[in-house]
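Adding 29 to a residue's 1-based position in the sequence shown gives its number in the numbering used here.
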Amino acid sequence: MDPIDINFKTVRVTPNSGALGAWVEGIDGKSTFPPDTFRELHRAFIRYKVLFFPDQHLSSQEFLVFARQWGSVQQNPYFQPLGNSSEITEIIKRPEDSRNIGRSWHMDFGFDEKPTNINLLMPRKLPRRGGDTLFCDLSKAFKALSPGLQQTLKALKVVNSNRDIVHAARYEKEFNGRLPQNNIEVRNIHPAVIHNPDNGEDSLFISATATERFDQWTAEESKPLLDYLYAHVARPDFCCRFSWEEGMVGVWSNLYTLHYAVNDYPDEERIMQRIALTGERLIAAG
Ligand code: SIN
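Laid out in structure tokens, this is it:
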């Protein structure tokens, strides 16, 4: 079987798994994409939700220019700026840190009124092995639920907050002391199932770092169902795994996938640069 997706002409798209994710070759990330190439990239993004571009070797500034081709870059108030810029966040795990950032199935900024729609990540320093990122497809996971649970979830809303980050003083070591202490709590109520207008799919909208509970349910009442859903979305049937290499750039849908940073490289350093793009108001599934 030919692993390449023959539906793309201007770029070479090779799926990573049957569920989601693909490698994309044939672009120069340092240049502006020609319109027909960008149309194909956008189509690949909708189809695969997670795209990895090998051999790009971008500087931080080039990474920012690359990101701006995908949308409007969001400031990150939660980490100290990189140089003068709050547009690039550094995700660092030092050799002495036992825990890493991103060690649960989550989306970024899922608590915002208009949560980030696209995330970009680029390695600056990688461990000799390990440090992969896992992704799961929230639409495929939703589709695999029983019609009864789908209907129940469509009628529910979730309460999402940045509580984990605001109270992250207790994780200060993992955040390398770079978290400002004065962030205010943000809390928004979102649909538990959202609609993706680009492909017509419905998708769960939960995140282990943001979702406190279902709206009008207590945290205790919500926990069993949320735990069930986190176990469900993490089934290998809905997941893919990307191993980072120097020079790669990853771009993924922050709304319709969750990601998980694997912590399997004790005593080694891993430094990633991340850019988040501003999202739109969520559409509740009908
Ligand atoms: C993140 O959680 O946004 C970063 C993922 C990673 O470091 O692999």
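Virtual Cβ for every residue (Gly too), placed ideally from N, Cα, C.
Whole angstroms is fine: what's the gap from residue i's alpha carbon to residue j's?
i	j	result
W52	L163	14 Å
F32	T43	Per the sequence presented here, residue 32 reads as Pro, with Phe not at that position. Looking at the two C-alpha atoms, the distance is approximately 6 Å.
Q104	N113	11 Å
I120	L233	26 Å
R216	V102	22 Å
S60	R123	33 Å
L80	P253	33 Å
E275	H86	7 Å
P106	Q302	15 Å
R68	A248	43 Å
K186	V280	28 Å
V262	M136	13 Å
P226	D296	44 Å
F82	H196	35 Å
I312	L150	26 Å
Please tell me whether, using a cut-off of 7 Å, the distance from the CB of residue i to the nearest non-hydrogen atom of ligand 1 is below it.
i	result
G315	no
A290	yes
M301	yes
L150	yes
I117	no
I194	no
What do you get for residue i, buried or exposed, if any count of 16 or more other CB atoms within 10 angstroms of its CB means buried?
i	result
P144	buried
M30	In this prediction, M30 scores a pLDDT of 44, lower than 50, which makes its location untrustworthy; no coordinate-derived value is stated.
S251	buried
D293	exposed
Y257	exposed
C269	buried
G315	exposed
How is the beta strand (DSSP E) around residue i delimited, first residue to last?
i	result
S190	186 to 190
V53	51 to 54
L80	79 to 82
Assuming residue i contacts residue j (C-beta within less than 8 Å), just tell me the rounded distance between them.
i	j	result
I130	W99	With a Cβ gap of about 22 Å, I130 and W99 do not count as contacting.
Within 7 Å: the Cβ of residue i and any heavy atom of ligand 2?
i	result
I312	Questions concerning ligand 2 fall outside what the structure shown contains, since the ligands it does hold are ligand 1.
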